[in-house]
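Numbers given in the numbering used here equal positions in the sequence shown, counted from 1, plus 21.
Even for Gly, the Cβ is constructed at its ideal location relative to N, Cα and C.
First the structure, in the form of structure tokens, and then the observations on it.
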Amino acid sequence: MAGDFHLGPIITTFARYGLRKTSMEDVAIALGVSRQALYNRYGSKGALIGWATKALIDTSLDDALASINQPAKTLVERLADAFDAWVGRHIEALRASPHGTEIVAMLQRDPPEAVRAAERRLVAAMAEAIRFSGPGSAVARAGSMAQALCWTARGLAHAVPDHATFRRQLDHIVSALVAR
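Pasting the structure below:
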């Protein structure tokens, strides 16, 4: 369901009030539409959350895959840019939200299949990039390296205080692993 509504105001509203406390009326006001228009389109708040989650995952994945396919950049830059698009750019918004912990906990407890499928596509694309552009020693380990980097980026996003630190640490980790 592509949705006639912009994702930004929906995400901002859920971040402001939390998943449980946000009402369809809150989202409708943020979008400048009627509550009935939302119900007509999605049927329920749960379906709206599902659509918004899927749309955010798809956007992040598309941006991450586009980052991998930047021929003018080094492999390390492309991989770091991809992880930044996948998880890094969401750090500040989640930290700024009083409900960021609730949202992260929900996704970690039971990640939607869309997250798992997107991450598999991202890891496969990264492994291919490592096989094609990496140093000889990395080629045989490309799949394992891509998966390890993905897990590392996800964990790093929860461990650092801000996006700048995430990116700096990620650049060091990717450089160290890919250069071996």
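Self-check item: Extent of the continuous alpha helix (DSSP H) to which Phe153 belongs
Solution: Start and end: 134-154.
Quiz item: Straight-line CA distance for Arg99 to Ala148?
Solution: Each residue's alpha carbon lies about 12 Å from the other.
Exercise. Please report how far the alpha carbon of Ala139 lies from the alpha carbon of Gly53, in whole angstroms.
Key: Each residue's alpha carbon lies about 31 Å from the other.
Quiz prompt | Beta-carbon proximity of Ala174 to Leu86, cut-off 8 Å | solution = No, these two residues do not count as a Cβ contact at 8 Å.
Practice problem: Please check the pair Leu82 and Leu143, which I expect to be a contact at CB under 8 Å, by giving their CB distance rounded to whole angstroms. | Solution: About 6 Å separates the two Cβ atoms, so the contact holds.
Practice problem: Give the C-beta separation of Gly109 and Arg189 to the nearest angstrom, bearing in mind that I take them to be a contact with Cβ-Cβ under 8 Å. | Solution: Rounded, the Cβ-Cβ distance is 11 Å, inconsistent with contact.
Practice problem: With DSSP collapsed to three states, give me the class of Ser44. | Solution: Looking at Ser44 - three-state DSSP - the assignment turns out to be coil, as it is neither helix nor strand.
Quiz item: Taking only runs of the beta strand (DSSP E) that begin and end inside the segment 37-85, which ones reach a length of at least 3 residues, in chain order?
Solution: Here no run is fully enclosed.
Quiz item: Helix, strand or coil: how does DSSP classify Phe35 here?
Solution: If DSSP states are grouped into helix, strand and coil, Phe35 belongs with the helices.
Quiz item: Which of helix, strand or coil does DSSP assign to Phe104?
Solution: Phe104 sits in a helix when the DSSP states are folded into three classes.
Quiz item: So, Leu28 versus Ile70, is the Cβ gap smaller than 8 Å?
Solution: In this structure, Ile70 does not lie closer than 8 Å to Leu28 by Cβ.
Quiz item: Do the CB positions of Leu191 and Asp105 come within less than 8 Å of each other?
Solution: Yes.
Exercise. State the DSSP-derived secondary structure class of Arg187, mapped to helix, strand or coil.
Key: Note on residue identity: the sequence assigns Phe, not Arg, to residue 187. Three-state result, Phe187: helix.
Quiz item: Should Trp107 be labelled buried (16 or more other beta-carbon atoms within 10 Å of its own) or exposed?
Solution: By the neighbour-count criterion, in which 16 or more other beta carbons inside 10 Å mark a residue as buried, Trp107 falls on the buried side.
Practice problem: For His111, count neighbouring C-beta atoms within 10 Å of its own C-beta (all shown protein chains included) and say buried if the count is 16 or more, exposed if not. | Solution: His111 comes out buried.
Self-check item: Nearest-angstrom Cα separation, counted from Ala103 out to Lys66
Solution: So the alpha carbons of these two residues sit roughly 31 Å apart.
Quiz item: Closest to Arg56 by CA distance: which of Glu46, Ile194, Val136 is it?
Solution: Arg56 has its Cα closest to that of Glu46, out of Glu46, Ile194, Val136.
Self-check item: Assigned secondary structure, Ser88 (DSSP; H/G/I helix, E/B strand, else coil)
Solution: When DSSP states are grouped into helix, strand and coil, Ser88 belongs to the helix group.
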